[in-house]
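Asker:
There are 4 protein chains.
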Amino acid sequence: MDRSPRIATAAPQPSASPSALARRFEEVRLTSRALASPLSPEDCAIQSMPDASPTKWHLAHTTWFFETFLLAPNQPSYKAFDPAFKVLFNSYYNGVGDKHPRSERGLLSRPALSEVLAYRDHVDAAMQALLAEPLAPEVLALITLGLHHEQQHQELILTDLKHMLSRNPLRPAYQKQWPLTAVEPRKRSWIRIAGGVKEIGFEGDGFSFDNEGPRHRVFIEDFDIASNPVTHGDFIDFIEDGGYQRPELWLSMGWDAVNTRGWEAPMYWEKRDGQWHTFTLRGLAPVERNTPVCHVSFLEAEAFARWAGARLPTEAEWEIASATAPRDGNFLESGAYHPLALRDATPAGVPAQMFGDVWEWTRSDYGPYPGFEPAAGAVGEYNGKFMCGQYVLRGGSCATPSSHIRDTYRNFFPPDARWQFSGVRLARDAR
Amino acid sequence: MDRSPRIATAAPQPSASPSALARRFEEVRLTSRALASPLSPEDCAIQSMPDASPTKWHLAHTTWFFETFLLAPNQPSYKAFDPAFKVLFNSYYNGVGDKHPRSERGLLSRPALSEVLAYRDHVDAAMQALLAEPLAPEVLALITLGLHHEQQHQELILTDLKHMLSRNPLRPAYQKQWPLTAVEPRKRSWIRIAGGVKEIGFEGDGFSFDNEGPRHRVFIEDFDIASNPVTHGDFIDFIEDGGYQRPELWLSMGWDAVNTRGWEAPMYWEKRDGQWHTFTLRGLAPVERNTPVCHVSFLEAEAFARWAGARLPTEAEWEIASATAPRDGNFLESGAYHPLALRDATPAGVPAQMFGDVWEWTRSDYGPYPGFEPAAGAVGEYNGKFMCGQYVLRGGSCATPSSHIRDTYRNFFPPDARWQFSGVRLARDAR
Amino acid sequence: MDRSPRIATAAPQPSASPSALARRFEEVRLTSRALASPLSPEDCAIQSMPDASPTKWHLAHTTWFFETFLLAPNQPSYKAFDPAFKVLFNSYYNGVGDKHPRSERGLLSRPALSEVLAYRDHVDAAMQALLAEPLAPEVLALITLGLHHEQQHQELILTDLKHMLSRNPLRPAYQKQWPLTAVEPRKRSWIRIAGGVKEIGFEGDGFSFDNEGPRHRVFIEDFDIASNPVTHGDFIDFIEDGGYQRPELWLSMGWDAVNTRGWEAPMYWEKRDGQWHTFTLRGLAPVERNTPVCHVSFLEAEAFARWAGARLPTEAEWEIASATAPRDGNFLESGAYHPLALRDATPAGVPAQMFGDVWEWTRSDYGPYPGFEPAAGAVGEYNGKFMCGQYVLRGGSCATPSSHIRDTYRNFFPPDARWQFSGVRLARDAR
Amino acid sequence: MDRSPRIATAAPQPSASPSALARRFEEVRLTSRALASPLSPEDCAIQSMPDASPTKWHLAHTTWFFETFLLAPNQPSYKAFDPAFKVLFNSYYNGVGDKHPRSERGLLSRPALSEVLAYRDHVDAAMQALLAEPLAPEVLALITLGLHHEQQHQELILTDLKHMLSRNPLRPAYQKQWPLTAVEPRKRSWIRIAGGVKEIGFEGDGFSFDNEGPRHRVFIEDFDIASNPVTHGDFIDFIEDGGYQRPELWLSMGWDAVNTRGWEAPMYWEKRDGQWHTFTLRGLAPVERNTPVCHVSFLEAEAFARWAGARLPTEAEWEIASATAPRDGNFLESGAYHPLALRDATPAGVPAQMFGDVWEWTRSDYGPYPGFEPAAGAVGEYNGKFMCGQYVLRGGSCATPSSHIRDTYRNFFPPDARWQFSGVRLARDAR
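Protein chains in written order, with the working numbering: chain A, 1 to 431; chain B, 1001 to 1431; chain C, 2001 to 2431; chain D, 3001 to 3431.
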């Protein structure tokens, strides 16, 4: 899924001073580069499925954003690094001209990785020069947007790379050393959340994507939310109870997927010597029962919930339930690149691990909030164009930069997508 | 789409006396047969796409329902007409055994149409004998359900047949004589509907499908609903304004459909001598500007609304707006099998043509209402299994039996489906 | 495969007097009709795969041939039965205008079977009037060609119908009564054929398709030909020896077919209660070991030959070996519609069953003979256009009219085709 | 197409002394490496279609051959470089165990190019040690085979790389400098070749693939062969005469390809500013009229011949006509990697450019010669498995090593293949 950058509906936050923004720019840009640093040119060039892009493309496309939307209009003296990149690294179908087909991104041996890194240097230098000048609020807002856009692609670098490495029979690792410590089981309980007319959606001074607003009223009934995400162990129980063989548990589209794609377990699982293993960015590893399950589709999440006698929360329920949840968690910065157990206990009555570890599927399709207005201009051209046939996920994952997530953040994927770090948190009606 | 029958969540209505039900049984069963009466054996046997079933299959499958769910369990002396039909005419994947693949329904030259009609006679006679006995409320409820199930298939007989005839270069007609009179233009206006905490969904004594309940509270803001559906003339304006060539109007999935399927107009339209014509069940006819547009997908409806500076209503908005709308309209019984103009004016401030003529796409995906509980048993086995990736349509069409529709009725199809009589009614936020 | 009629390279045979031709016309035309007489309108309308056409289409297309190539140019007063049929029943892509897509022949419920039969009557009457007049030799030749063309389609009526009936889980029969008597095993031996410079191909006064000529010299080495075709029993032995599981026996294209299509036995075979059965035009029947195997592809024939330590004959070898073979055999007229055992013994040293029962795959691709010249005009337009990627079969089958076959007759199908009555005769190098 | 190595049917030639073989080993192995030397790791890793393999795979697979068939059985002390390579770089489906799917060769970022080059060093050192020992004739024959196998892959490195680079909108060059000089037109004439009983096929002491034998007698009639291949200019004339729009010129399979794939010119052609250009390994270049056309399929060659009033030669005709033709030509060693004009005139009555420049399609399908016997053992396991559905090409191309070609050499590709340097030489019947 190409995530279109979405222009902030709110005014640029006053606190984002140019020098602070310049520091943030440097930090975000370096993070992308650091993610690629353990990789060979071949690792960065290969595309393993149409949905996933090569690391090289991500590195170039995020740079293209700053060149196209910031430097070209605002730096009269700016000289394009290579005019052909305008088409090669465009992911937009209309506003800024032609684009190279998504499914052919893996056919580009040229430009080489080294040239793409030089492109990044070229654009970064020009951007730092721009950031040293006084800039209009709209320009500052657009730079902020570009950085959030790049953070979205940082997550995709990891998930797309994981998919590519998984297709290699050698099961090669992105990084070898594994920072895991022993994981203790954790008891799951239900937490009651009071209903009524509530407000959800973004409002305020900070950055948000436009699909997070406007803030608006919804009515919800009382409900229970699970204190923790569903674990790998829970999912093994589901499998062993015939979960993938029982049509009555599945949506029609899910049962079709099970049968036509041969799903028997979450993505990346394989059985070796009778034990479930899963492919991780650190190589093949035994499935650890006491960590949140990941790489399940909406369809599997929904079947699991039915099996468990529960359901998925709506996105309004999730957002309201997250009010007291701690914001810190296992994000990209932990370097685990895999869900972990909780390191610190959460107080009773407070949901744990809502942020980080795994994106949590909700029962809500990804549609426009009441009063949603697409933003103007090329950057915002396609704000709502993905609002069909996808479902909302919340809370960020172990591949999400921690400064990128919010309680109002709406991620979305088709119901059969499994290559993101997507998991499950259960809900149920209050009884 | 195979529509699974859904068991009534309410108790069977007391007014449905056995003799009244017997009369209704006869009437509904005769209607199906009447729909097939102008057709040849070949017309009834052919399947023109996997989504559409042959008339012969519809006639047999609806009969299979009564044989399987009513006669087999409740008539100990009942002898199956042909045991092989149990598999051939089953559309359920699990609860009642094997089924013949949906996409191969058009490969069955045997049983012949005449045998299927004999099958209907055999089952009808047994059912009338059953209806003459005292029956438990659950049995009466199940018969009522079977009749609503058959009415769903009556609509599909017409839409599937239309698709099949349309694939014939001769453009043959189902019925020749055309009951249309001259059609006058009608002015469209906006009607303001007040928001707040409202209730929607079915509750009460009559029949409903279980997806219509439970009745529950929702919060909506004030909004405007269009007084009339979008017309064929409006859609010609959209086409002539480049509607099918402008990506900014379309959802991403819609733009893909436009390009990969070559959509340039609603389904069944073709240009002859510079004028738009459309294929109808009465043959090819010039497009009549002043009637509601039909055979548009959700994706086209959504693009049209964006072009018109409006949006689709949610299903809650539609249901609330329909409170004052007249229930009569152009249904199956009119014999037009095509949308017509209003015959009688609707008072100012009251939406016109909400019922009949065309199903109206809403912006709501088809999901479970809060508190939705799947019904028990084989008949209700799959109540929610289609609740993924489809959008809700409301109000019935010119192919819907008038006694089949309700204001709470939720029809649903994938966003790219066009072969139903599906149209558009606009809404907008109150300003 | 649409078989294009091919114009006779030889002059029309003098013996074909107008009155004899009129009798032959009546006879051939009645045979087609007789083949359809046990069938319902639905049986005649359905298309079960793109390669196979509905019986109704065969009945109409063969009629279209006479209307288009004989009546339209030679009968000034002739009035077309229905001008639309010109497109609907054309199988040629160019010379005579538009055609209806081959894969959509099963979508035509109209014209009804009864109308097609009326079309036949209309054209037959006009043809008999034409045949009563003095006709130019070219016209007589073209009528003869039309009759051979119709005989080709008679075979296809049976093979295409068989495929369609086989897709019905009821396994319905075309005709019930089975004319088989007990079948005795027959010993297979090798017959030595002397090589040298030989002549093959058609030359003479009678009718032939143009791909059978010109007669020309070839050089072949001495070789052995099998006295009998491979039997069903032989093929069971191959299966039980792991024939379908051993890649070393197969051509690369064959092994792909085995794996991607799940081939485990010849087409139409299924195991019931541990015994192999095969679907026949008389319903499902146990496989009879002592009759020639049929419904095998070139790829299976080739693998079988390798397993048997032999090879397929070339088409030159086949034609030369057939010199002494008896021409009578189990053809369409026997009414068996399935290979039978020999009723009369063939003398030692004379190959048996070369004609009738099953088409025999040769190792020769279907290409032009040296000096082959495409005939002129629309009828002969496509004489050579199928000469790529297909293999030659010889000898006719139980679905071939006996007056249609010759020792020079070249049938051809792609190497994976199995729905014809195609079998195997082995050859080997002389040692 | 994976070309299976084929074991020499003849004994190893006496002249191939161990030290000469060691020198040849070094030379061939260095050539492969030299072909890869201008390429980046990304260039070597990407697979642009299932038929084409990455350069890295070719480098590794040819090395795997020596490791698997020479070192493993003959060097007891040999230690595999990496046991996983046994599966990764196997292209055989059976005899030597599992293999990695052909279409997924482009998913392997690991092993890196540098590791594959180290693998080559490792195996080369062990092979040189082996070559220093006294070796059995069968071992020497197998080494010779491995070198011819590697030469086949040298050609594929260039053709597969060309395809990959062509998919990049930058149209990048493999090598920039272009060694072309001005090209003069050359008159084409017909050369009469006498027919009769002739012998073709390999026989003798040198190396050959087993599909080239046994030498055997054929009968051919007198015929004419063109003095030169069809040129790019001839093909422009064909295009401008509507060659790609006239169904009567095409085989049925060819006309399908034209329509479903949108063929309008040979592969790699594109029109820029009204002039035909073609993509070469030296970048995009204007089409040079006076050089042999390349990148045409059998289907296009056949249509062109029909348009020209001629035909393709059979492979027997080609081999017999080549008797007097000079063996030198524009091979891999020229460094042109594109067809060139003749540098030296050929005497009148002697066909020019039969060897080198472009492979020439024949009208002969690729089948077994009379008496063909598959060789024994794993190396020869699949000798005949490609003998179905492909056509023979003769003479080598500008990407073929000059020491690799023979007059009896049979190359083969499916009739729609275009990414090899394949061209056309016309023939006609003697009149």
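Ideal Cβ placement from N, Cα and C applies to all residues, glycine included. This structure is a prediction, so every number in the text was calculated from the model and none was measured.
What is the rounded straight-line gap between the Cα of Gln-3128/D and the Cα of Gly-3204/D?
Answerer: Note on geometry: alpha-carbon atoms of Gln-3128/D and Gly-3204/D lie some 28 Å from one another.
Asker: Let's see if you can read the secondary structure: which residues bound the beta strand (DSSP E) around Leu-3393/D?
Answerer: 3391 to 3394
Asker: Can you find a C-beta in chain B that's less than 9 Å from the C-beta of Glu-2165/C?
Answerer: Just to set this straight, residue 2165/C is Leu in the shown sequence, not Glu. Answer yes: the Cβ-Cβ gap between Leu-2165/C and chain B drops below 9 Å somewhere.
Asker: Output the boundary residues of the beta strand (DSSP E) element that contains Glu-286/A.
Answerer: Checking the sequence, you will find Pro at residue 286/A rather than Glu. Judged by DSSP secondary structure, Pro-286/A falls within the beta strand (DSSP E) whose first and last residues are 283 to 286.
Asker: Given a cut-off of 9 Å, decide if Pro-1313/B and Arg-1418/B are closer than it, judged by their beta-carbon atoms.
Answerer: no
Asker: Under the rule that 16 or more other beta-carbon atoms within 10 Å means buried, what is Thr-3260/D, buried or exposed?
Answerer: exposed
Asker: From which residue to which residue does the beta strand (DSSP E) around Thr-1419/B run?
Answerer: Residue identity differs from the one stated: residue 1419/B is Trp in this sequence, not Thr. Note, Trp-1419/B: premise wrong, no beta strand (DSSP E); not H, not E.
Asker: Could you tell me the distance, in whole angstroms, from the CA atom of Ile-3191/D to the CA atom of Ala-3345/D?
Answerer: 15 Å
Asker: Between the alpha carbons of Ala-325/A and Arg-394/A, how many angstroms are there, rounded?
Answerer: 13 Å
Asker: Which residues in chain D have a C-beta closer than 8 Å to the C-beta of Asp-43/A? List them in chain order.
Answerer: Ser-3109, Arg-3110
Asker: Let me know if Pro-14/A comes out buried or exposed under the rule of 16 or more other beta-carbons within 10 Å of its beta-carbon.
Answerer: Here Pro-14/A scores only 45 on pLDDT, less than 50, and its place in the model is too uncertain to base an answer on.
Asker: Which residue spans inside the region 2252 to 2321 of chain C form an unbroken alpha helix (DSSP H) run of at least 4?
Answerer: 2252 to 2261, 2298 to 2307, 2315 to 2321, all fully within the region 2252 to 2321 of chain C.
Asker: If you count every other CB in all the chains shown that lies within 10 Å of the CB of Glu-2432/C, and 16 or more means buried, which is it?
Answerer: A question about residue 2432/C goes unanswered here, because the residues of chain C that appear run from 2001 up to 2431.
Asker: Quick one: grab the DSSP three-state call for Met-1001/B.
Answerer: Unreliable placement is indicated for Met-1001/B, whose pLDDT of 36 sits below 50; no coordinate value is reported for it.
Asker: On a CA-only basis, which of Ala-2084/C, Pro-2214/C, Asp-2124/C, His-2404/C is nearest Glu-2026/C? Give me that one, please.
Answerer: Taking each of Ala-2084/C, Pro-2214/C, Asp-2124/C, His-2404/C in turn and checking the Cα distance to Glu-2026/C, the smallest one comes out for Asp-2124/C.
Asker: Verify whether the separation of the beta carbon atoms of Leu-1107/B and Ser-2048/C is less than 9 Å.
Answerer: yes
Asker: Nearest chain F C-beta to Phe-298/A closer than 9 Å, yes or no?
Answerer: No chain F appears in the structure shown, which is made up of the protein chains A, B, C and D.
Asker: DSSP three-state call for Ile-1225/B: helix, strand or coil?
Answerer: strand
Asker: Can you tell me where the alpha helix (DSSP H) holding Glu-3115/D begins and where it ends?
Answerer: 3113 to 3131
Asker: Quick check: what's the CA-CA separation for Ile-320/A versus Leu-342/A?
Answerer: Taking the straight line from one Cα to the other gives about 22 Å.
Asker: Please return the same chain residues whose Cβ sits closer than 7 Å to the Cβ of Arg-2003/C, not counting the five positions on each side in sequence.
Answerer: Only weak support exists for where Arg-2003/C lies, its pLDDT of 45 falling under 50; the coordinates are left without a value.
Asker: Looking at Glu-317/A: is its Cβ nearer than 9 Å to the Cβ of Trp-361/A?
Answerer: no
Asker: With a CB to CB cut of under 7 Å and the five nearest residues on each side skipped, what residues in its chain are close to Thr-231/A?
Answerer: Arg-289, Asn-290, Thr-291, Pro-292, Val-293
Asker: Between Ala-2020/C and chain D, is the shortest Cβ-Cβ distance under 9 Å, so that the two count as touching?
Answerer: When Cβ-Cβ separations below 9 Å define contact, Ala-2020/C makes no contact with chain D.
Asker: Can you give the Cα-Cα distance for Arg-428/A and Gly-1371/B, rounded to whole angstroms?
Answerer: Roughly 9 Å between the two C-alpha positions.
Asker: State yes or no: is the beta carbon of Ala-2035/C nearer than 9 Å to at least one beta carbon in chain B?
Answerer: Ala is not the amino acid found at residue 2035/C; the sequence shown has Leu there. Not one chain B Cβ lies under 9 Å of Leu-2035/C.
Asker: With DSSP run on the structure shown, which of helix, strand or coil describes Ser-32/A?
Answerer: helix
Asker: Do three or more CB pairs link the region 2385 to 2404 of chain C to the region 3018 to 3033 of chain D at distances below 8 Å?
Answerer: no
Asker: Which residue comes first and which comes last in the beta strand (DSSP E) that contains Ser-364/A?
Answerer: 359 to 365
Asker: Have a look at the DSSP bridge pairing and note the partners of Thr-1231/B.
Answerer: Pro-1292/B
Asker: Across which residues does DSSP place Trp-250/A in a beta bridge pair?
Answerer: Trp-250/A is bridged by DSSP to nothing; it lacks a bridge partner.
Asker: I'd like the span of the alpha helix (DSSP H) that includes Lys-2056/C, first residue to last.
Answerer: 2055 to 2065
Asker: Under 8 Å by Cβ, that's how I've got Gly-3201/D and Pro-3214/D pegged, so tell me the actual separation to the nearest angstrom.
Answerer: 6 Å
Asker: Is there contact here, the region 401 to 421 of chain A with the region 1097 to 1104 of chain B, by at least three beta-carbon pairs under 8 Å?
Answerer: no
Asker: Measure the CB-CB distance between Val-2116/C and Lys-2099/C and report whether it falls below 9 Å.
Answerer: no
Asker: At the 9 Å Cβ level, is Lys-56/A part of the contact set with chain D, yes or no?
Answerer: yes
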